Amino acid sequence: MAAEPTTHELIAKHRPTLDQALEAIRTRAYWSPHPEHPKAYGDNGSLSAGEGKAAFDALLGGRLAIDQPGTDDWVGGEVSPFGIDLGVTYPHADIDVLLPAMKAGRRAWRDAGAETRAVVCLEILKRISDRTHEFAHAVMHTSGQAFMMAFQAGGPHAQDRGLEAVAYAYAEQVRTPDAAEWTKPQGKRDPLVLDKRFTPVPRGIALVIGCNTFPTWNGYPGLFASLVTGNAVLVKPHPRAVLPLALTVQVAREVLTEAGFDPNLVALAAERPGEGIAKTLAVRPEIRIIDYTGSTAFGDWLEANARQAQVYTEKAGVNTVIVESTDNYKGMLSNLAFSLSLYSGQMCTTPQNLLIPRDGIGTDTGPKSYDEVVADLAQSVGGLLGDDARANALLGAIVNPDVKARLEAASRLGEVALASREITNPEFPKATVRTPVIVKLDGARKYWEGADDEAAYLSECFGPVSFAVAVDSAEDAVRLLRRTVQEKGAMTVGAYTTSREVAASIEEACLEECAQLSLNLTGGVYVNQTAAFSDFHGSGGNPAANAALCDGAFVANRFRVVEVRREA
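Sequential numbering of the sequence shown, starting at 79, is according to this note's numbering.
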């Protein structure tokens, strides 16, 4: 049996990685310590593809052992969007017992210092990385992501976001020195001399409220930002996506124990069906930080009611792409088709509104009318998803009945340019798989046969639904973009134009409305993808989210600096 690692050994092991992460967030260059390719795993203690699948299969139908205080029941009920009943059960906690227990280890964790906390967090991430294949199946069968996306987004990309949060939080904590000697000259008299010590002090217990679609990718930034700044973390997963975060809690508790800290610094809050404990937990006085990803309605409720806590929300927005002109028409169509199709549009960054001048656009293949652009985009999406095997690999499964209902209702909102079709997944015949729908709307027309065009495109329609909105001009498109971001928010904005003036106008609008912009993407980078250490996910400056992943503001208010001074 291997000896448990000491903090000195963890520093020696992980300090180089931490330094590289700090350099990456400084330069914004590409870097990742977590391999994206499945074949990169299987050596040096990491699980191979077969071992990861076997480990996941072994979890099904059993209890996930997490020995935390206050367990009064075992709960579960997850059903994979691919049609598998997971049958995994988790400890249900008596919160009045668990929350006090989570406070016991905070002093030792605080006093350990920023570097020790950082390398312990990096050890947690390393052990999760070694089990990436296992986690990939857990993410796949709770989110509905196709395997390769679940592997990458739920594995290395999520781990990168966790490491990014650790790096930002470490940098903020060491910005102030641990100690200083303060000397103030007094002329002929002796100088005033004080010894000062500065300690980053955590706020308290942090609550992570997980989401259904990206449980690890959206969960890890808040979890690790709070933990590395000295806070205990209570993880409340989405009831349909418990397994990935429960495994994360299990790993974190093991590492904390081995490193000599209280495992109750990280705990799980699984719930009974319909229990709805997020609201109860959110207003508990012990909860001082909340990280939430999900609906605007509940995010707004948290911001209004969890007044005792620092609340970080990623809610919903209406993402917009302006299509004014392009010098790579084929590449633009291909890029947009992929963006609309990936994970059945079930991403907070997927474009919804495509603003296209009604008089058409200029392209490298000649002028194209509005109708031609929409028809060509529909054909591009159809071609991309024409092969069912490829379609299943891109689309995954519809995550819940609400998404399916929105998809089916969308065809009644306007003229359908591309109808959604049902696809059978031969490996998972119970999965609900649908291709995207594209609906034509008019930005200057209030009603279409009794339907309100404006109400449709100014509402978020989460899922594989996009609106091709005809506008009067590029200027009209920019005005509508501004209004959309102001009123509804946006996680992403895209634009295609060969005009410097139009590009400058769009860029200025995004700068003033605080929205992240991607210009003229025609290759292998898409508007709905962001890279840790380089791209900011959201801005925190419009209604879609009040925080960005990841920047200094996301981590700095999770702790305060307390000063103790005495005469030298």
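The beta-carbon is built from N, C-alpha and C at its ideal position, and this holds for glycine as well.
From a predicted model like this one, the values you see are computed outputs, not experimental measurements.
From the DSSP secondary-structure annotation, give me the bridge partner or partners of residue i.
i           : result
residue 283 : 310, 365
residue 431 : 398, 545
residue 580 : According to DSSP, which records beta bridges pairwise, residue 580 is partnered with nothing at all.
residue 50  : The question about residue 50 has no answer, for the chain in this structure spans 79 to 646.
residue 645 : 272
residue 146 : Beta-bridge pairing links residue 146 to no other residue.
residue 520 : 548
residue 151 : 170
residue 439 : 446
residue 514 : Bridge partners of residue 514: none, in fact.
residue 278 : 639
residue 355 : In DSSP, residue 355 forms no bridge with anything.
residue 370 : 287, 391
residue 261 : 271
Mind reading off the beta-carbon distance from residue i to residue j? Whole number of angstroms is fine, and I expect it under 8 Å.
i           : j           : result
residue 620 : residue 586 : Not a contact, Cβ separation roughly 15 Å.
residue 200 : residue 96  : 6 Å
residue 159 : residue 222 : 3 Å
residue 481 : residue 434 : 25 Å between Cβ atoms; not a contact.
residue 246 : residue 609 : Not a contact, Cβ separation roughly 15 Å.
residue 334 : residue 340 : 7 Å
residue 670 : residue 269 : A query on residue 670 cannot be resolved here, the shown segment of the chain reaching from 79 to 646 and no further.
residue 336 : residue 82  : 4 Å
residue 509 : residue 503 : 5 Å
residue 364 : residue 355 : Going by Cβ atoms, the distance from residue 364 to residue 355 rounds to 14 Å, so no, they are not a contact pair.
residue 288 : residue 366 : Going by Cβ atoms, the distance from residue 288 to residue 366 rounds to 19 Å, so no, they are not a contact pair.
residue 573 : residue 595 : 7 Å
residue 623 : residue 393 : 6 Å
residue 319 : residue 290 : 5 Å
residue 533 : residue 550 : With a Cβ gap of about 19 Å, residue 533 and residue 550 do not count as contacting.
For residue i, which three-state DSSP category applies?
i           : result
residue 538 : coil
residue 94  : helix
residue 108 : coil
residue 493 : strand
residue 591 : helix
residue 342 : helix
residue 139 : coil
residue 26  : Residue 26 lies beyond the stretch modelled for the chain, which goes from 79 to 646, so this question has no answer here.
residue 328 : helix
residue 115 : coil
residue 163 : strand
residue 407 : helix
residue 296 : helix
residue 640 : strand
residue 556 : helix
residue 122 : coil
residue 596 : strand
residue 478 : coil
residue 320 : coil
residue 572 : strand
residue 389 : strand
residue 624 : coil
residue 585 : helix
residue 79  : With a pLDDT of 48 at residue 79, under the threshold of 50, the predicted position of this residue should be treated as unreliable, and no value is reported.
residue 129 : helix
residue 484 : helix
residue 561 : helix
residue 348 : strand
residue 603 : coil
residue 500 : strand
Is there a Cβ from chain D that is less than 8 Å from the Cβ of residue i?
i           : result
residue 301 : Protein chains in the displayed structure number just one, and chain D is not present.
Problem - the region 226-238 in contact with the region 198-218 per 3-pair CB rule at 8 Å - result: yes
Problem - At least three beta-carbon pairs within less than 8 Å, the region 558-575 to the region 446-457 - result: No, the region 558-575 is not in contact with the region 446-457.
Practice task
Report yes or no: do three or more beta-carbon pairs, one from the region 414-425 and one from the region 594-606, lie closer than 8 Å?
Solution key: yes
Exercise for the section: Mind listing, in chain order, the continuous alpha helix (DSSP H) runs of no fewer than 4 residues lying wholly within the region 158-241? Expected result: 173-181, 184-189, 192-208, 210-221, 225-232
Problem - At least 3 beta-carbon pairs within less than 8 Å: the region 182-189 vs the region 367-378 - result: no
Problem - Three or more C-beta pairs below 8 Å linking the region 503-514 and the region 532-550 - result: yes
Exercise for the section: Report yes or no: do three or more beta-carbon pairs, one from the region 248-263 and one from the region 156-172, lie closer than 8 Å? Expected result: no
Exercise for the section: Indicate whether the contact test is met: 3 or more Cβ pairs, each with one atom in the region 258-274 and one in the region 300-316, closer than 8 Å. Expected result: The region 258-274, when compared against the region 300-316, does not touch it at the 8 Å Cβ threshold.
Handout entry: contact_flag[the region 130-146, the region 253-260] where n(CB pairs < 8 Å) is 3 or more
Key = no
Exercise for the section: Mind the definition here: the region 310-323 touches the region 634-643 only if three or more C-beta pairs lie below 8 Å; say whether that holds. Expected result: Touching, no.
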